[in-house]
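Protein chains in written order, with the working numbering: chain A, 1 to 325; chain B, 1 to 325. Each residue gets a CB set at the ideal place from its N, CA and C atoms; glycine is no exception.
Listed below in structure tokens is the structure:
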């Protein structure tokens with residue numbers, strides 16, 4: 001099978017490598033010429049996935065049309081704010097299976113990434129999400145993720161192409177739930193980072209994660225998603241990974257903010273993207289549009305963008321009126 | 001209000017301290033004379049909660065009847081295998097509110113701890129559970145837990161007595177769900193410890209936690225609990241805390257086993273209890289009785305008690321048939 005991966009960040013690169021290890025021919029489209037050269041010449045993406053040797057079947061190009069030519073599968077893995085602009089100039093063969101690995105909510109339109117792809121392309125769109133640090137996937141640590149499409153067939157094809165003895169793909173019909181889990185968990189990672197930066201402990205982190213999942217599921221329900229999805233790999237699984245695993249970009253920004261740094265300083269000079277910062281305002285707007293209460297998202301938004309005092313914000317969260325769960 | 005805490009481990013001591021800080025008179029019953037002396041003389045429980053100064057209102061006694069005399073609230077916090085034997089000789093005033101903080105499933109009877117208390121005492125029984133490291137509660141880190149009773153009134157009284165600005169108590173009517181969450185999470189902590197001991201990474205841990213919660217909820221459903229409880233503080237909250245926070249006794253035993261140690265050596269010379277080891281066989285028996293599939297509990301049971309190879313067991317878990325979530 002010929003596959004194409006649009007976007008050569010850590011996650012796109014790791015997914016390309018899984019496909020290649022499964023025997024598929026993979027062409028990665030990368031924005032940066034040195035990333036293209038790195039992948040083709042030294043079989044490593046030193047900019048975004050350093051230290052992980054790539055399968056020789058992974059090839060790269062900076063020509064997007066060449067990348068997707070003849071592909072039966074296209075993986076979209078660009079940062080969410082760039083997805084529409086990146087894919088618009090490309091026209092895949094009608095009916096191509098597209099696995100959307102980008103996680104976020106588009107500014108302005110408040111569209112999920114599968115909706116953005118479906119608006120731009122005539123394709124069979126699948127959301128691919130779940131608890132998966134790219135470097136661990138690249139080093140063949142056992143990992144389980146979810147492929148979701150309303151009609152089961154494209155998700156099953158994605159499952160077949162990606163699965164091997166260490167990379168397990170479960171299918172799910174709840175595209176909205178799977179995507180929201182992946183997008184919103186980044187906001188919660190900023191929230192737990194803020195609490196960490198304020199030197200709160202594990203009890204507070206566990207409470208934030210739990211109440212965070214509850215408000216994610218509330219927004220999901222308003223958008224037609226199933227509560228069960230949020231209890232699954234793309235919901236609590238990815239949330240737990242991002243909030244408790246290695247310090248992610250999102251959590252690191254939260255820690256810096258909790259320690260008193262300004263947002264612009266916390267973001268300065270970084271090549272990788274803090275999707276949680278991008279997603280906070282969209283999530284807040286989406287919650288407002290649907291009349292859903294999301295106190296943790298609101299806390300993060302006010303602390304990040306209105307310079308609301310972080311300690312006061314977390315204290316207010318923890319002392320809301322006592323009530324039933 | 002006069003309260004009594006039966007059991008002076010870390011958790012019982014921390015709960016006694018919360019009550020005392022809220023202005024209540026608290027008497028702790030402790031099995032060990034030196035613990036009694038420590039609490040009364042130096043206001044610290046150096047054996048089980050070292051480094052945490054206790055409120056002067058916390059008093060201790062080794063006389064169980066004296067401890068509960070006149071108490072409007074009794075907190076049961078003994079290790080789960082000893083709860084029945086410890087409380088049987090005591091006869092509280094009929095209708096006393098009893099908050100059960102012990103977590104486990106009784107061997108043989110397979111009874112939950114609230115059932116054990118209800119069988120032994122004429123009392124209004126409340127399950128108290130949630131993500132709460134005792135040392136963090138003692139150092140006033142913001143913490144949120146759940147008080148559950150089928151009839152809301154005793155849970156609300158427990159909520160009122162325990163709540164303050166840093167210790168938040170939510171009420172819940174699902175006693176079975178709240179208790180099962182607290183008991184089963186210890187088995188999952190052993191499971192994640194085993195994976196850690198085998199040097200698996202965060203992706204594997206997140207997958208284990210997520211699939212672990214799914215099988216906890218399956219057993220809960222068979223016992224009449226609500227799935228929503230497992231998505232809450234006493235379910236995923238406590239599970240996340242125990243599997244990702246400081247190395248708990250349960251996880252530490254798992255790590256040792258994963259690194260190849262025998263169970264008896266992993267348990268040797270420890271004064272604190274690994275409740276997860278106690279609970280594994282009961283949970284497995286309870287699952288069998290109700291015809292519920294619990295592959296992670298089974299993996300832990302076989303590795304702990306049948307010396308099944310840990311690496312093979314985890315690999316088998318991760319390579320079960322691909323399917324929908």
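Under the three-state DSSP convention, the category residue 126 of chain B falls into:
DSSP places residue 126 of chain B in strand when its eight states are reduced to three.
What are the start and end residues of the beta strand (DSSP E) that includes residue 59 of chain B?
Where residue 59 of chain B is concerned, the enclosing beta strand (DSSP E) stretches over 58 to 61.
I want to verify the contact list: residues of chain B whose CB lies under 8 angstroms from the CB of residue 192 of chain A, in sequence order.
From the beta-carbon of residue 192 of chain A, no residue of chain B is found nearer than 8 angstroms; the closest lies around 11 angstroms away.
Are the C-beta of residue 69 of chain B and some C-beta of chain A separated by less than 8 angstroms?
No, because no Cβ of chain A sits closer than 8 angstroms to the Cβ of residue 69 of chain B.
Can you tell me whether residue 257 of chain B is helix, strand or coil according to DSSP?
Reduced to three states, the DSSP call for residue 257 of chain B is helix.
Residue 167 of chain A classed as buried or exposed, judged by whether at least 16 other C-beta atoms fall within 10 angstroms:
By the 10 Å Cβ count, residue 167 of chain A comes out buried.
Take residue 4 of chain A as the anchor and find which of A:158, A:186 and A:203 has the nearest alpha-carbon.
Ranking A:158, A:186 and A:203 by CA distance to the CA of residue 4 of chain A puts A:158 first.
Can you grab the Cα-Cα spacing for the pair residue 6 of chain B / residue 98 of chain B, in whole Å?
If you take the alpha carbons of residue 6 of chain B and residue 98 of chain B, they lie about 10 angstroms apart.
Delimiting residues of the alpha helix (DSSP H) encompassing residue 215 of chain A
Segment 202 to 222, the alpha helix (DSSP H) holding residue 215 of chain A.
Through-space distance from residue 133 of chain B to residue 91 of chain B, alpha-carbon basis
Here the alpha carbon of residue 91 of chain B sits roughly 30 angstroms from the alpha carbon of residue 133 of chain B.
Inspect the beta-carbon positions of residue 10 of chain B and residue 35 of chain B and report whether they are closer than 8 angstroms.
No, the pair does not count as a contact, with Cβ atoms beyond the cut-off.
Which partner residues does residue 27 of chain B have in the DSSP bridge list?
In the DSSP secondary-structure assignment, residue 27 of chain B is bridged to B:4 and B:59.
Residue nearest to residue 275 of chain A in terms of C-alpha spacing, selected from A:260, A:242 and A:259
Cα-wise, what sits closest to residue 275 of chain A is A:242.
Distance, residue 212 of chain A Cα to residue 188 of chain A Cα
If you draw a straight line from the Cα of residue 188 of chain A to the Cα of residue 212 of chain A, it is about 6 angstroms long.
Between the Cα of residue 50 of chain B and those of B:73, B:139, B:65 and B:109, spot the shortest distance and give me the residue it belongs to.
Of B:73, B:139, B:65 and B:109, the smallest CA-CA separation from residue 50 of chain B is found for B:139.
Could you check whether the Cβ of residue 142 of chain B sits closer than 8 angstroms to any Cβ belonging to chain A?
Chain A, which has a Cβ nearer than 8 angstroms to the Cβ of residue 142 of chain B, makes this yes.
Quick one: what does DSSP say residue 168 of chain A is sitting in, helix, strand or coil?
Three-state DSSP puts residue 168 of chain A in a strand.
Quick one: which residues of the stretch 246 to 261 of chain A get their C-beta closer than 7 angstroms to a C-beta of chain B? List them in chain order.
Identification of residues in the stretch 246 to 261 of chain A having a C-beta nearer than 7 angstroms to some C-beta of chain B yields 246, given in sequence order.
Are the CB atoms of residue 310 of chain B and residue 198 of chain B nearer to each other than 8 angstroms?
Between residue 310 of chain B and residue 198 of chain B, the gap from beta carbon to beta carbon is short of 8 angstroms.
Does the beta-carbon of residue 247 of chain A have 16 or more other beta-carbons within 10 angstroms, so that it is buried, or is it exposed?
Here residue 247 of chain A is exposed: its Cβ has fewer than 16 other Cβ atoms, across all protein chains shown, within 10 Å.
Who are the Cβ neighbours of residue 154 of chain B in its own chain at under 7 angstroms, not counting the five residues just before and after it?
Around residue 154 of chain B: 97, 124 and 126.
Using CA atoms only, rank isn't needed, just tell me which of A:105, A:80, A:117 and A:107 is closest to residue 89 of chain A.
Minimum Cα distance to residue 89 of chain A is reached at A:117.
Here's a check: name, in chain order, each residue in its chain whose Cβ is nearer than 7 angstroms to the Cβ of residue 308 of chain A, leaving out the five neighbours to either side.
Result list for residue 308 of chain A: 302, in chain order.
Does the distance from the CB of residue 114 of chain A to the CB of residue 179 of chain A come in under 8 angstroms?
Using a Cβ distance threshold of 8 angstroms, residue 114 of chain A and residue 179 of chain A count as a contacting pair.
Beta-carbon neighbours of residue 332 of chain A, restricted to chain B and to distances below 8 angstroms
This structure does not reach residue 332 of chain A, given that chain A is present from 1 up to 325, and the question cannot be answered.
Close-in-space but distant-in-sequence residues of the same chain around residue 299 of chain B (CB under 6 angstroms, 5 per side omitted)
If the five residues before and after residue 299 of chain B are omitted, its C-beta is found closer than 6 angstroms to the C-beta atoms of 313 and 317, all from its own chain and listed in chain order.
If the cut is a Cβ gap below 7 angstroms, which residues of chain A does residue 136 of chain B touch?
Scanning chain A for C-beta atoms nearer than 7 angstroms to the C-beta of residue 136 of chain B yields 201, 202 and 203, reported in chain order.
Which residues in the same chain as residue 17 of chain B place their Cβ atom closer than 7 angstroms to its Cβ, once the five residues preceding and following it in sequence are excluded?
Within its own chain, the residues whose Cβ lies closer than 7 angstroms to the Cβ of residue 17 of chain B, once the five positions on either side in sequence are excluded, are 54, 55, 58 and 138, listed in chain order.
Residues near residue 204 of chain B by beta carbon distance below 6 angstroms, same chain, minus five either side:
Excluding sequence neighbours, residue 204 of chain B sits near 195.
Would you decide whether residue 142 of chain A is buried or exposed? Buried here means 16 or more other CB atoms lie within 10 Å of its CB.
Answer is buried; the Cβ neighbour count reaches 16.
Cβ distance (whole Å) where residue 66 of chain B is taken to contact residue 84 of chain B below 8 angstroms:
The beta-carbon separation of residue 66 of chain B and residue 84 of chain B, rounded to 21 angstroms, does not stay under the 8 angstroms limit for a contact.
Let me make sure I understand the geometry here. Which of A:250, A:181, A:228 and A:163 has the alpha-carbon closest to that of residue 190 of chain A?
The shortest CA-to-CA distance from residue 190 of chain A to any of A:250, A:181, A:228 and A:163 is the one to A:250.
Let me check one thing: in DSSP terms, what residues is residue 324 of chain B bridge-paired to?
Residue pairing by DSSP places residue 324 of chain B opposite A:171 in a beta bridge.
Using only alpha-carbon positions, find the residue among B:101, B:207, B:245 and B:192 that is nearest to residue 369 of chain B.
Beyond the ends of chain B as shown, which are 1 and 325, falls residue 369 of chain B; an answer cannot be given.
Counting only the same chain and skipping the five closest in sequence on each side, list residues whose C-beta sits under 6 angstroms from that of residue 147 of chain A.
Excluding sequence neighbours, residue 147 of chain A sits near 126, 128, 155, 158, 159, 169 and 171.
Can you tell me which of A:152, A:261, A:8 and A:258 puts its alpha carbon nearest to the alpha carbon of residue 64 of chain A?
Here the closest residue by C-alpha is A:8.
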